[in-house]
Amino acid sequence: MVFKEIRKAFNQAKLVAEVLQLQALVLLMESPQYGEIEDKVEKSLNTPGKIKELVNSKNWMERLALAELLKITPDIPGGISKRG
Numbered sequence: 001m002v003f004k005e006i007r008k009a010f011n012q013a014k015l016v017a018e019v020l021q022l023q024a025l026v027l028l029m030e031s032p033q034y035g036e037i038e039d040k041v042e043k044s045l046n047t048p049g050k051i052k053e054l055v056n057s058k059n060w061m062e063r064l065a066l067a068e069l070l071k072i073t074p075d076i077p078g079g080i081s082k083r084g
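Under the numbering used here, the residues of the sequence shown are numbered 1 to 84, in order.
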């Protein structure tokens, strides 16, 4: 692939827009407003039927908080070790 073709395939404008969106999302998730939503979602997880309600919520921040709270993490003591 020549440089011209690589440049066409690599959409810098799209990459910059995605990075800016990610930075904005990180700032939002660190804000007190999002913290309140996350606390509300976490408290409601033990309520029957609430997860389905949150999944279908029109508030995208509630859906994001739910996804973050339900994130599956490996249950490996000490994390994953690197073998070399």
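Backbone N, C-alpha and C fix where the C-beta goes; we use that ideal spot for every residue, glycine too. Nothing here was measured: the structure is a model prediction, and the numbers come from that model.
Check this for me: beta carbons of residue i and residue j, under 9 Å apart or not?
{"i": "residue 20", "j": "residue 61", "result": "no"}
{"i": "residue 38", "j": "residue 65", "result": "yes"}
> Fully enclosed by the segment 7–70, which alpha helix (DSSP H) runs are 4 residues long or longer?
Replying inline: The segment 7–70 contains these whole alpha helix (DSSP H) runs: 12–29, 32–44, 50–55 and 60–69.
> Can you find at least 3 beta carbon pairs, one from the segment 59–71 and one from the segment 30–43, that sit closer than 8 Å?
Replying inline: Remark: three or more beta-carbon pairs, one from each stretch, lie closer than 8 Å, so the segment 59–71 and the segment 30–43 are flagged as touching.
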